[in-house]
Structure formats: structure tokens, C-alpha cells
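Counting in the UniProt record's numbering, the sequence shown runs from 1 upward without gaps. Some notes on the structure that comes next.
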Amino acid sequence: MHCEEAVPEAPGFDTPPGDWQQQLREVIRDPAALCRHLGLDPERVSAATRGHELFPVRVPLAYLSRIRRGDPDDPLLRQVLPLRAEGHAVQGFIDDPLEERDHTPKPGLIHKYPGRALLIASPTCAINCRYCFRRHFPYADNAPSMREWDRTLDYLREDTSIQEAILSGGDPLASPDRRLAVLVERLDAIPHLKRLRIHTRLPVVIPDRVDDALLEWLEGTRLQTVVVLHINHAQEIDEAVVTACARLKTAGVTLLNQSVLLRGVNDDAKTLAALSERLFEAGILPYYLHVLDPVSGAAHFDVPDAEARRLVETLRQRLAGFLMPRLVREVPGEQSKTPL
Ligand code: SF4
């Protein structure tokens with residue numbers, strides 16, 4: 001489920017208006033508006049229709065401002081504009097490629113790996129990424145109320161082997177700070193938890209999300225906090241993102257990044273090297289480079305394993321070791337990510 005509340009047409013794309021919640025409400029929500037704002041051929045709208053029906057377009061204005069106008073091959077546009085190919089069934093590409101539905105012991109909780117458990121802290125995202133492996137996730141069945149959260153958290157309280165809680169979604173930072181602060185307070189009170197990990201794209205797509213209220217609960221927790229951002233191309237990191245990251249670091253947060261290797265977005269060594277360099281400039285360490293999870297609708301982004309390995313070898317010759325992301329795949333049933 002991705003929220004589809006009625007909102008006014010986005011006013012323009014150079015200056016995102018208002019605070020982050022207003023920006024969240026005023027996202028671009030259809031292919032026609034996206035193409036109009038970017039001066040793209042209206043033919044692209046009809047090509048996008050089926051994909052939009054399957055997984056709606058959603059693009060914040062702050063992200064839109066980093067897309068080159070009139071360029072249908074822009075690497076940021078490729079991440080958000082549906083193509084006709086999304087409607088084609090491709091063998092091996094399925095709705096739940098990571099078999100997450102078999103690992104949800106409580107509503108809103110996914111437990112796949114030893115020592116850590118993942119909470120679906122928000123059913124919505126600020127942006128809908130066309131390659132998302134959760135694009136078909138049944139969020140409606142995994143959106144506990146605050147009261148229900150307590151029962152879900154019992155699972156964490158009872159399993160003392162779990163040391164790390166991971167907030168995911170959707171995008172967990174799409175939730176209001178009041179709600180997140182209460183949730184983190186409850187996690188804080190579980191003695192065997194040591195770490196809080198937050199997987200989010202919001203500081204990238206709406207940098208104003210990193211505001212005083214967010215920093216307050218981040219600074220207030222005793223848990224060591226890691227924020228794992230999701231950035232696929234250096235062009236996504238503008239000065240507002242750099243400022244947001246600097247603010248997160250003042251709250252004592254460790255910043256990591258995971259990318260997905262995507263055809264037409266970042267499938268060459270020069271682009272990946274530029275991404276690592278830019279991440280480090282922004283104070284973020286490259287962590288994982290994931291091969292695509294085979295989710296239906298995203299097959300056109302796939303890069304074969306042999307090509308991915310060659311790319312990473314070329315990258316290794318260009319970058320210092322600490323700038324090298326690890327090339328991995330998530331294999332259902334495995335106890336950790338599988339290196340390629
Ligand atoms: S922000 Fe993350 S969870 Fe949301 S659509 Fe993009 S990849 Fe998927």
C-alpha cells in the first residue's frame with residue numbers, strides 16, 4: 001500500500017516548498033505531471049500507464065530538481081518513470097523474490113537473519129523506485145497501530161539473541177517523529193538490544209526531513225545508531241543532501257550507503273567510482289552494491305552476474321579499498337547476504 005491522498009498539483013520544481021511533511025504531500029503522482037515538469041515527449045506518458053497502474057509514480061520535488069530536463073535517459077529519471085516493459089511477465093521475476101512473507105512472525109516484523117529483526121515502521125515511501133523489491137509487499141497486512149506494536153515488540157523482548165532492531169518500510173522516516181520517538185523509546189527499554197539501524201531514502205529524496213525533531217530522538221537513544229541510505233548515482237547527492245548528512249552525523253549516527261546495480265542508471269565503472277567518491281565527500285561509507293532482486297516489473301534493470309563481477313573488478317582498480325562497496329545478492333533462506 002502506498003498512500004494516495006488527494007493533493008493539489010505540484011507548484012513547480014526548482015524550490016521545494018515548506019517543511020518535509022508538506023513536501024511529502026506535494027509529490028508528483030502521475031506520469032503526465034512528471035513528463036510535463038521535465039519537458040519530456042508526451043508519448044512517454046502512454047508508455048508509463050501500465051507500470052503506473054501496477055506501482056504508482058511518486059516523486060518528491062526536491063528529487064525532481066536533480067533530474068535533467070528534456071533528457072529521457074537521465075539516471076534519476078530512470079529510477080522513477082515507469083516503462084512499458086514493467087507490464088511484461090519475465091520468467092524468474094516474481095512478486096516476493098526474497099520470500100519475506102514466510103518470515104513475518106508478527107504483523108510488521110520480519111525476522112530473516114540471526115541477531116537482528118526488521119520492523120516495517122511505515123507502509124509508505126516518499127518516492128516509488130521502479131526496481132523496489134517490496135513493490136508488491138502487502139503493507140496493509142503489516143501496519144500495526146501503536147497499541148499493536150507492543151505485541152509485535154514482545155517478539156523482540158522474548159528473543160534475547162536479537163541485538164539489533166532495523167527500522168524499514170516503506171520508508172521508516174515517512175512516519176511522524178512523535179510516533180518514531182515512542183517506538184524507539186520502547187526499543188531502548190529492551191535491555192539486550194544494542195543497535196538501531198534505519199534503512200531510509202528520505203534524507204536523500206527530501207533532505208529537509210533531517211530536522212530538529214528527528215535529531216532529538218536520534219540523539220536521545222542509548223542504542224548505537226546506523227543510518228543506511230540508499231543512493232544509486234552521484235547526481236542524487238546535491239548540497240542539501242550533504243547538509244542533511246552532516247546534521248545526522250552531529251547526532252552521532254554512522255552513515256552507510258547501499259546501492260542497487262541498475263541497467264541504464266549505474267552499470268559502468270566510471271559512474272560507480274564517481275558515486276563512491278561523492279558518498280565519501282558527504283561523509284557516507286559505501287557498504288553494499290546489490291544485484292537486482294528479481295521482482296516482477298523490474299527485469300529491464302537487470303545486470304547479469306558475470307557483467308557485475310567484471311564491473312566490480314574494474315572498480316577495484318580505480319578506488320581505495322574503503323571506497324569499495326561489497327557486491328552481494330540476497331538469497332531467500334540464507335543466513336546473510338551472499339557475496340558474488
Ligand atoms: S524508497 Fe526504498 S522501499 Fe521505498 S520504493 Fe524506494 S527502494 Fe522501495
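All residues carry an ideal CB built from backbone N, CA and C; glycine is no exception.
{"Item": "Between which two residues does the alpha helix (DSSP H) harbouring tyrosine 63 extend?", "Value": "61–64"}
{"Item": "With burial defined as no fewer than 16 other Cβ atoms inside 10 Å of the residue's Cβ, what is the status of glycine 70: buried or exposed?", "Value": "exposed"}
{"Item": "Is the Cβ-Cβ distance between glycine 51 and leucine 83 less than 8 Å?", "Value": "yes"}
{"Item": "Given 7 Å as the limit, tell me if arginine 29 has its C-beta closer than that to any heavy atom belonging to the ligand SF4.", "Value": "no"}
{"Item": "Let me check understanding here. Comparing Cα to Cα, which of Ala48, Glu26 and Gln21 lies closest to alanine 32?", "Value": "Ala48"}
{"Item": "Just checking my contact of alanine 126 with alanine 240 at CB under 8 Å: how many whole Å lie between their CB atoms?", "Value": "That pair is no contact at about 14 Å."}
{"Item": "Between which residues of its own chain and valine 253 is the CB-CB distance below 8 Å, once the five residues before and five after are set aside?", "Value": "Leu218, Thr225, Val226 and Val227"}
{"Item": "Which residue spans inside the region 150–194 form an unbroken alpha helix (DSSP H) run of at least 4?", "Value": "177–188"}
{"Item": "How many Å lie between serine 175 and glutamine 163 at the Cα?", "Value": "23 Å"}
{"Item": "In whole angstroms, what separates the C-alpha of cysteine 3 from that of threonine 124?", "Value": "Low confidence applies here, because cysteine 3 scores a pLDDT of 36, under 50, leaving its location unreliable; read the following figure in that light. Cysteine 3 and threonine 124: Cα-Cα distance of roughly 6 Å."}
{"Item": "Taking the alpha-carbon positions, what's the methionine 1 to leucine 262 distance?", "Value": "Only weak support is given to the placement of methionine 1: the predicted model assigns it a pLDDT of 36, under 50, and the value that follows is read from those uncertain coordinates. Distance between the alpha carbons of methionine 1 and leucine 262 is about 24 Å."}
{"Item": "Determine whether the beta carbon atoms of serine 336 and leucine 289 lie at a separation below 8 Å.", "Value": "no"}
{"Item": "Given 7 Å as the limit, tell me if asparagine 128 has its C-beta closer than that to any heavy atom belonging to the ligand SF4.", "Value": "yes"}
{"Item": "For alanine 143, which residues from the same chain have a beta carbon less than 8 Å from its beta carbon, with the 5 sequence-adjacent residues on both sides left out?", "Value": "Met1, Pro107, Gly108, Ile120 and Pro123"}
{"Item": "Rounded to whole angstroms, what is the Cα-Cα separation between glutamine 23 and leucine 173?", "Value": "13 Å"}
{"Item": "Tell me which same chain residues have a C-beta within less than 8 Å of the C-beta of leucine 275, skipping the five on either side of it?", "Value": "Ile231, Asn232, His233, Ala234, Ser259, Asn266 and Pro286"}
{"Item": "Would you tell me roughly how many angstroms separate the C-alpha atoms of valine 27 and valine 295, rounded to the nearest one?", "Value": "25 Å"}
{"Item": "Roughly how many angstroms separate the alpha carbons of valine 291 and proline 56, rounded to a whole number?", "Value": "23 Å"}
{"Item": "Using only the alpha-carbon positions, how far apart do valine 182 and valine 242 sit?", "Value": "28 Å"}
{"Item": "Going by DSSP, name the residue or residues bridged to threonine 338.", "Value": "Arg329"}
{"Item": "Counting C-beta neighbours from all protein chains within 10 Å, is the total for histidine 300 16 or more, i.e. buried, or is it exposed?", "Value": "buried"}
{"Item": "Within 7 Å: the Cβ of aspartate 171 and any heavy atom of the ligand ATP?", "Value": "In terms of ligand content, the structure shown lacks the ligand ATP and carries the ligand SF4 instead."}
{"Item": "Consider the C-beta atom of histidine 300 and the heavy atoms of the ligand SF4; say whether any pair is separated by less than 7 Å.", "Value": "no"}
{"Item": "Work out the CA separation of methionine 146 and isoleucine 190 for me, nearest whole Å.", "Value": "17 Å"}
{"Item": "Please state whether DSSP places serine 145 in a helix, a strand or coil.", "Value": "coil"}
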